[in-house]
Ligand SMILES: Nc1ncnc2c1ncn2[C@@H]1O[C@H](COP(=O)(O)OP(=O)(O)OP(=O)(O)O)[C@@H](O)[C@H]1O
Ligand SMILES: Nc1ncnc2c1ncn2[C@@H]1O[C@H](COP(=O)(O)OP(=O)(O)OP(=O)(O)O)[C@@H](O)[C@H]1O
Ligand SMILES: [Mg+2]
Ligand SMILES: [Mg+2]
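What follows is the structure, given as structure tokens:
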């Protein structure tokens, strides 16, 4: 093969005590949550004290890890093999609660209440595109500070929110803070801060038309929200900057997860380039849910030709069915192989692990162990 | 031969087809195929996307779409070889809000000022209810557009297909329980939302769900159907996508599963088909079929769950070569053959 990327050595990464944070990123639905949980479990069973921060795990996976109740703190996962001296705690991110807690920790109780009750805060904290990413980073920062303080964990594995683009994870905090810093918000704040002369003619056109479209109450709510939130802006920005620096540190490893599909691999390529631009440490690419390779060399064309021959005599030929299945499998593998090679041609240095699609969903610890084993066995069973 | 142009299909009254489903199951693919399938016999169909991803442009290999109805492709030909056309529209909330302000408030200058002050950005990001009503409002406009109305040059549509957000957000997107209630309780945006809701809840709308035959997506489909019904939104069909090839008959599948395939019979058949055969080849082919049978079995379990929902279902195969315009037409024909269009 022309473009064979170096194999990803997952166990070396997990066993390296200087690896403190592993972040799994990728496009929606590719297996970020599964990969995070599998890596965390494997690391724990190899002796690391691990906490995994999952985001929106599938119900059954959450149940089997014992984290289906949302209380926003890590809970020990039962049935983990602690023979090597490791442990595994897991949690599921509660975005709104994390946001509320930040507000409560930064503002006076009275002011906090004012913010928490405001409809704009409710919208911002529950559905602003980017809040989930921002809060995942916030929680990562908290977990890291705590681990440093009490030594409870020596490895944090972070899942990232389902979003259309892997880049959202890196961009969202910036988007949120620049949104909070936006021109309009500044303008809304101006009257609250006093000098009425800041109410420029243009701005009154704006407020008038907003009132017309949305009604006066909405504008008042907006103003209250912005005024109450103002003092928190600085704090938010500072924390985001700290977490960003943490992500750039040597102890962090980014894993980009992709499915062997054009969209997911394109996203992965954008993300890899972006990590390089931002000086973020890329550990490798995981191509998840790859089709299992064929068991024989017979080409798709030869199989189809033979199947056609058989079926012209006997339309229900079992052998023809076997041949057609084989041809379909070969075509899919060839396509996936081609897509991977295209990625590798553009990014030849990225260590890669290929994880096959399991026959069914991964929803228990045994399934996670199987994924972990496959992640770690690159090169030995290479294709 | 009779010109059976208006041959019956399952959704004759529907003008607005909303396509939702779990992320990555093929919503965009199915929406595009359905638009092509509906665009036969000279009909005009509009395919809309609202998530700012330019998925339509990518699928059809054209330049990114503007906020403007563009001719995209010829539809699927009918029995007499007569096609219609598919137009595409990429709806982004900023443009929709500006258009809305210009249309209803004649806010030419103020509209621009709003943009300059970052209000458009503010309103469309922080107030998701507002954003959604703008997006669905534009779709509403295209569906309701009167024939031969004021703007003679404006095209009117026989059907509109919306590539919608995923199941988890569909009810909110379509304006049920929206935060809009908390943000704009009265006023013009509210009345716009009410008009849109009237269309969405009418028999002229159908919300179709795309799924694959796996546990989570099927679960999400049943949850989605339940939520849509509870919200009074008309559930359409379920499109089962990415179905594995059905190359083995049920009896052949049973033989593979029970390990009763006769290797000598296969060997002689392969030899008859002039394949260079040895025992290893036979063993490999049977082993591959066994992998397939395991997955088929899991699929069948999920298929039964889909069937239990009691709504019309359609199946589309996983095309080994991936999706391009030719593949979309192929899927469109399959949808037509199954009566979805
Ligand atoms: N290698 C695999 N084999 C079989 N099933 C898999 C594999 N990896 C993941 N899955 C299944 O695919 C589904 C999606 O995986 P997962 O939830 O990890 O994706 P995700 O990237 O976290 O998705 P989202 O973007 O929605 O958060 C799950 O049902 C999971 O069990
Ligand atoms: N029937 C099919 N045969 C082969 N490939 C398919 C089929 N349907 C979809 N795909 C492929 O699967 C991938 C996901 O499809 P698509 O983009 O339509 O899903 P989606 O539900 O719109 O995803 P998203 O949630 O990201 O919007 C694409 O790469 C598409 O080409
Ligand atoms: Mg996930
Ligand atoms: Mg899509």
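Residue numbers (full-length UniProt numbering), protein chains in the order written: chain A, 1 to 383; chain B, 1 to 341. Where is the CB? At the ideal position from N, CA and C, for every residue including glycine.
- Assignment of beta-bridge partners to residue 171 (chain B) by DSSP yields no partner.
- Taking 4 residues as the minimum length, the alpha helix (DSSP H) runs contained wholly in the stretch 276-325 of chain A are 300-313, in order along the chain.
- Contact residues of the stretch 358-369 of chain A toward chain B are 359, 360, 361, 363 (C-beta to C-beta distance below 9 Å).
- Between residue 354 (chain A) and residue 287 (chain A), the CB-CB gap stays under 8 Å.
- With respect to the 8 Å criterion, residue 72 (chain B) and residue 44 (chain B) are not classified as neighbours on the basis of their beta carbons.
- DSSP places residue 262 (chain B) in no beta strand (DSSP E); its state is neither H nor E.
- Within chain B, the residues whose beta carbon sits less than 7 Å from that of residue 295 (chain A) are 284, 287, 288, listed in sequence order.
- In this structure, DSSP gives residue 212 (chain A) a helical state, which the three-state scheme calls helix.
- Residue contact with chain A for residue 103 (chain B): absent (no Cβ-Cβ distance below 8 Å to any residue of chain A).
- With contacts defined by Cβ atoms closer than 8 Å, residue 16 (chain B) and residue 143 (chain B) form a contacting pair.
- Look at residue 332 (chain A): its C-beta is under 8 Å from a C-beta on chain B.
- Nearest to residue 185 (chain A) by C-alpha distance, out of A:364, A:373, A:295, A:221, is A:221.
- For residue 65 (chain B) and residue 266 (chain B), the gap between their C-alpha atoms comes out near 53 Å.
- The C-beta of residue 54 (chain A) comes no closer than 8 Å to any C-beta of chain B.
- Residue 102 (chain A) and residue 369 (chain A) have their alpha carbons spaced roughly 35 Å apart.
- Inclusion of residue 38 (chain A) and residue 263 (chain A) in the CB contact set at 8 Å is not warranted, their separation being larger than that value.
- Remark: fewer than three beta-carbon pairs, one from each stretch, lie closer than 8 Å, so the stretch 51-69 of chain A and the stretch 96-113 of chain A are not flagged as touching.
- Residue 148 (chain A) is classed as exposed because its beta carbon has fewer than 16 other beta carbons within 10 Å across all chains shown.
- The way I'd put it, the stretch 39-58 of chain A does touch the stretch 159-178 of chain A; three or more beta-carbon pairs between them come closer than 8 Å.
- Residues 89 of the same chain have their beta carbon placed closer than 6 Å to that of residue 76 (chain A), with the five preceding and five following residues left out of the count.
- Taken from the Cβ of residue 33 (chain A), at least one heavy atom of ligand 3 lies inside 7 Å.
- In this structure, residue 300 (chain A) sits near residue 331 (chain A), with a CB-CB distance shorter than 8 Å.
- The residues 326, 329, 330, 333, in chain order, have a CB closer than 8 Å to that of residue 294 (chain A) in the same chain once the five nearest residues on each side in sequence are set aside.
- No Cβ of chain A is located within less than 8 Å of the beta carbon of residue 54 (chain B).
- If you check the CB distance, residue 292 (chain A) and residue 291 (chain B) come in under 8 Å.
- Look at residue 88 (chain B) here: in three-state DSSP terms it is strand.
- A residue is called buried once 16 or more other Cβ atoms fall within 10 Å of its Cβ, and residue 316 (chain A), having fewer, is exposed.
- Remark: the C-beta of residue 13 (chain B) is outside contact range of ligand 2, defined as less than 7 Å to any heavy atom.
- Comparing alpha-carbon positions, the option among B:153, B:168, B:200 lying closest to residue 139 (chain B) turns out to be B:200.
- For residue 191 (chain B), there are no C-beta contacts with chain A under 7 Å, since the nearest C-beta of that chain is about 11 Å from it.
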